[in-house]
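Numbering (the working numbering), first residue to last: 4 to 343.
Written out as structure tokens, the structure is:
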């Protein structure tokens with residue numbers, strides 16, 4: 004998802020499971036504490052543990068409660084992986100995105116951001132198929148249910164979040180296309196943020212950002228957060244939503260510019276919001292922990308590895324971390340939305 008980086012049915016190819024797990028979780032990364040308030044969310048002795056690696060660019064993790072496992076994408080390798088405590092990391096779906104032979108148009112042909120809908124289906128922001136896909140977790144059959152806005156193909160949907168109404172907010176930067184915004188395959192003159200509703204309608208929410216990326220909803224669904232992976236405007240924006248789920252106003256929640264320094268990996272990227280409205284959002288140095296007011300409490304880092312996204316899982320108090328070529332986790336005192 005970072006810059007340094009139609010309808011049809013498909014059956015996931017059955018591949019020999021390739022395991023990339025650690026024999027045992029290993030210490031990995033640090034927690035930079037910038038406010039005493041962080042102690043209420045992450046215990047002072049909490050450790051970052053590496054669970055496995057061997058991937059090219061870990062992205063879009065989601066916890067599957069019905070099965071107790073983690074899924075995550077590797078967009079450049081067009082592969083979706085599964086991790087469980089018992090079996091470690093194995094291939095879940097390949098190809099996870101584009102299934103054709105002509106890869107010329109693509110920089111990242113695979114799936115990216117993932118979410119589970121109210122019916123238990125996996126919803127993917129699919130860079131390669133240039134749309135949103137619904138995947139049956141048991142059969143792995145995939146269906147692209149939206150891939151156009153006003154008759155023009157999306158760029159390469161990147162991340163998404165699902166409202167209780169079933170509406171899906173998603174971002175559409177050109178990261179999946181070779182040439183990015185200069186790609187000859189790009190049909191829309193902007194990179195948008197959209198709202199899809201179960202009646203099939205797609206509404207444009209935002210088109211100002213160059214690289215809209217991560218997206219998340221506050222627990223009361225009155226605020227939508229969107230990150231912009233643009234060195235000239237590396238921000239997280241907060242949109243105030245009306246009762247129908249559309250923006251009425253917006254403000255900058257957090258500007259990461261002061262954190263961008265030589266040798267510090269990462270940019271504003273994926274995010275998750277806990278049950279109390281705190282943001283765990285990718286940024287320079289790792290996963291930033293922000294209050295809903297925009298105060299930076301700390302950063303979960305992994306050295307020179309960027310952390311483009313994260314996900315709550317297990318009992319809701321584990322934060323899984325996508326860390327470039329690795330998957331890691333850290334225990335929390337808070338919990339994600341959907342857990343008690």
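Built from N, CA and C at the ideal position, the CB exists for glycine as well.
Taking C-beta atoms as the reference points, residue 196 and residue 119 fail to come closer than 8 Å. Here DSSP, grouped into helix, strand and coil, assigns residue 77 to strand. Residue 184 carries a helical assignment under DSSP once its states are collapsed to helix, strand and coil.
Nearest to residue 169 by alpha-carbon distance, out of 74, 201, 159, 330, is 201. Among the bridge pairs identified by DSSP, residue 30 is matched with 52.
The beta carbon of residue 30 is closer than 8 Å to those of 50, 51, 52, 53 in its chain, skipping five residues each way along the sequence. Residue 304 places its beta carbon 8 Å or farther from that of residue 316.
If only uninterrupted beta strand (DSSP E) runs of at least 3 residues are considered, those enclosed by the stretch 212 to 293 are 215 to 220, 226 to 231, 238 to 244, 250 to 258, 274 to 276, 282 to 286, 289 to 293. Judged by DSSP in its simplified three-state form, residue 121 adopts coil rather than helix or strand. From the listed residues 92, 84, 80, 87, the smallest Cα separation to residue 130 is found for 80.
When 330, 247, 238, 248 are compared, the shortest CA-CA separation from residue 254 is found for 238. Looking at the DSSP output, residue 316 shares a beta bridge with 321. The beta carbon of residue 108 lies closer than 8 Å to those of 180, 181, 186, 188 in the same chain, with the five residues before and after it left out.
The C-beta of residue 273 has 16 or more other C-beta atoms within 10 Å across all chains shown, which makes the residue buried. For residue 202, the three-state secondary structure derived from DSSP is coil. For residue 101, DSSP records no beta bridge to any residue. By the C-beta criterion, the stretch 278 to 292 is judged not to be in contact with the stretch 241 to 254, since fewer than 3 inter-stretch pairs fall below 8 Å. Spanning the alpha carbons of residue 216 and residue 230 requires a straight line of approximately 5 Å. DSSP places residue 326 in the strand class (E or B) of the three-state scheme.
In the structure shown, residue 128 falls within a strand segment according to DSSP collapsed to helix, strand and coil.
Rounded to whole angstroms, the separation of the alpha carbons of residue 113 and residue 106 is 11 Å. Comparing C-alpha distances from residue 111 to each of 60, 308, 55 shows the shortest one belongs to 60. A Cβ-Cβ distance of about 5 Å is found for the pair residue 56 and residue 328, placing them in contact under the 8 Å criterion. Residue state for residue 108 is assigned as coil, using DSSP reduced to three classes. Residue pairing by DSSP places residue 152 opposite 155 in a beta bridge. In the same chain as residue 128, and ignoring 5 residues on each side of it, the C-beta atoms closer than 6 Å to its own belong to 115, 116, 160, 161, 162, 163, 173, in chain order.
Here residue 191 is not bridged, per DSSP, to any residue. Here the C-alpha atom of residue 270 lies approximately 33 Å from the C-alpha atom of residue 144. Here residue 175 is bridged, per DSSP, to 195. Note on geometry: alpha-carbon atoms of residue 307 and residue 203 lie some 42 Å from one another. In the DSSP assignment, residue 65 falls within the beta strand (DSSP E) that extends over 62 to 67.
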